[in-house]
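Numbering (the UniProt record's numbering), first residue to last: 1 to 279. Note sheet for the following structure.
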Amino acid sequence: MRNAIIVGLVLAISATAWADWRPGDDHKMHWPQLPDFQGWDVNATNPKILADDWRCSQSGDVTDVHFWGSWQGNLVGEIENIHLSIHKDIPAAGPNDFSRPGDLLGEWDISPTDTRVTIVRMPTSPQGWYDPNTGVWTPNDHTLWYQYNIVGLGAAGEDLVFQNVGEIYWLDITFDVLPMEIPGPGPNDPPEIIQPLWGWKTADMLAYPDGTPTQANHFQDDAVWADLGGGAALVWNPLEDQEGVSFDLAFVITPEPATMTVMGLGAIAVLVRRRKRRS
């Protein structure tokens, strides 16, 4: 009976590994870029696209991505599509240049209703909003924020990206969000159509290994932003705070769920062997 309970717990833990990620869980990048609970959310609603880089710490397929974000003014919109892409790195050409995404390695367009997607609401906290195009910073803009977990990238018919330990890669994210109809200002006024905006959350550099939010502690180069459309090559721009300090964005690349499943199956095998020895 006791073994059956343990097996059940192992399977439950393995199943959980397919969903959300928690601080302290495994990762395969330089370090997890955890969200700043009282930081900024940067507009990443199509046509705006944001990107940040990571250093691979474990060779293998990139199948699981976790990131954090929220909605301007707590106006939670309906997500039509989540677009992710992974790129090679274009290193900075000099002290006055900045690195940016290079050649495309793989891209995915994923419905929020896909079974590989889980969205977890986080505890409320005051968040700021920033749109690089307008340059407007809005402190205390919203309180709701979410963790987005996408697993199983590279399924049949999809791009599959293999990362090599020590190399730098870029993750790009943009959301397609449907317009929203709200009541007009007066009882006889027609409804208004507004566009909810989703933003990618900035990382908490105080949670980095050095624990100091300085340029030296910042990983690699600035996160970057660009505007989609027109078919021309994207013009990337560095993403910095109001004091000119580089922003990092909140995300983590994790090992394949199969790794955790194998761990679970291994634990079951140990229990089976022990039971056979006793019989």
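Even for Gly, the Cβ is constructed at its ideal location relative to N, Cα and C.
Should residue i be labelled buried (16 or more other beta-carbon atoms within 10 Å of its own) or exposed?
i	result
K201	buried
Q33	buried
F162	exposed
Q72	buried
A15	Residue placement at A15 cannot be trusted, given a pLDDT of 39 that sits under 50; what the coordinates show is reported in the next sentence. By the neighbour-count rule (16 or more Cβ atoms within 10 Å), A15 is not buried but exposed.
R121	exposed
I182	exposed
A216	The predicted position of A216 is uncertain, since its pLDDT is 47 and thus under 50; no value can be drawn from it.
G166	exposed
S246	buried
W137	exposed
T134	exposed
K28	buried
L153	buried
G39	buried
Using a C-beta cutoff of 7 Å, does residue i count as contacting chain B?
i	result
N96	Going by chain labels, chain B is absent from the structure shown, which holds only one protein chain.
Work out the CA separation of residue j and residue i for me, nearest whole Å.
i	j	result
S59	M180	42 Å
residue 282	I86	The first residue shown for the chain is 1 and the last is 279, placing residue 282 beyond what the model contains.
I194	A93	41 Å
L84	P191	33 Å
T261	P255	Below a pLDDT of 50, predicted positions are generally treated as unreliable, and T261, at 37, falls in that range; no measurement from the model is reported.
G106	G186	48 Å
P91	V235	15 Å
D20	P123	15 Å
S99	I49	16 Å
Q127	P196	16 Å
Q147	A233	30 Å
E243	F37	19 Å
S57	L104	20 Å
L239	N164	26 Å
P35	D114	24 Å
G199	A250	11 Å
P139	G157	43 Å
A258	S125	Because the pLDDT of A258 is 39, which lies under 50, any placement of that residue in the model is unreliable, and the number read from its coordinates should be weighed accordingly. Using only the alpha carbons, I get a separation of about 34 Å.
P101	T118	27 Å
R116	N188	44 Å
D97	A223	13 Å
V151	T63	6 Å
D227	N237	10 Å
P95	I168	18 Å
R55	F67	16 Å
D25	M205	19 Å
residue 304	G184	Since the first residue shown for the chain is 1 and the last is 279, residue 304 is missing from the structure and cannot be characterised.
T45	A51	13 Å
N149	G231	30 Å
W129	W225	15 Å
P209	G229	38 Å
V65	D41	18 Å
Quickly, what does DSSP pair residue i with across the bridge? List them, please.
i	result
H27	Bridge partners of H27: none, in fact.
R100	I90
S85	E107 and D172
L249	T202
G60	Q163
S70	W145 and G199
V117	I150
G128	W40
D20	According to DSSP, D20 bridges with nothing at all.
P35	A203
L75	Answer is none; L75 lacks a bridge partner.
A51	D172 and V224
Just confirm the distance between the C-beta atoms of residue i and residue j, as a whole number of angstroms; I'd bet it's less than 8 Å.
i	j	result
H142	N74	4 Å
D61	L160	6 Å
A207	D248	About 11 Å separates the two Cβ atoms, so there is no contact after all.
F175	I79	6 Å
D53	D172	At roughly 10 Å, the Cβ-Cβ gap does not stay under 8 Å, so D53 and D172 are not in contact.
L178	G77	7 Å
N43	D131	4 Å
I82	P112	6 Å
W170	D89	6 Å
| field | Every unbroken alpha helix (DSSP H) within the segment 189-247, with a cutoff of 4 residues, ordered by chain | value | none
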